[in-house]
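Residue numbers (UniProt numbering): 1 to 110.
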């Protein structure tokens, strides 16, 4: 006799599934006090300059965009540049964080 211990099927769900009911941030057990209110979303007048972005020309040159964090802009001799932090393969099998100034053409909003 055989039994099935595992089925190779996709699991339904996901964070961005529409019509799935109550958002995770609003779920809580009724016997616990409500958590403190979340901080307000960042506004254009906020002091923190960081923005999410895609790095189109990463240091490891593997040909795929990487998510990054844009920290600052500056005007360089050849146009605008952004100071970005992102993950890159620094050695075979080893990843590290890279911080560098990149031309604005290599950066796109996330």
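Note that CB positions come from ideal geometry on N, CA and C, so glycine has one too.
Just so it is clear, the structure is predicted and the values come from calculations on it, not from any experiment.
Rounded C-alpha distance that separates residue 104 from residue 80: 6 Å
Measure the C-alpha to C-alpha separation of residue 85 and residue 54 and round it to an integer number of angstroms. 10 Å
Measure from the alpha carbon of residue 111 to the alpha carbon of each residue in 106, 60, 76, then state which is nearest. Residue 111 is absent from the model: the chain starts at 1 and stops at 110.
With distances taken from CA atoms, which of 109, 91, 82, 97 is nearest residue 72? 82
Using a beta-carbon distance below 8 Å, is residue 50 in contact with chain B? Absent from the structure: chain B. Only one protein chain is present.
Could you please give the first and the last residue of the uninterrupted beta strand (DSSP E) stretch that includes residue 87? 79-91
Name the one or two DSSP bridge partners that residue 94 has. 91
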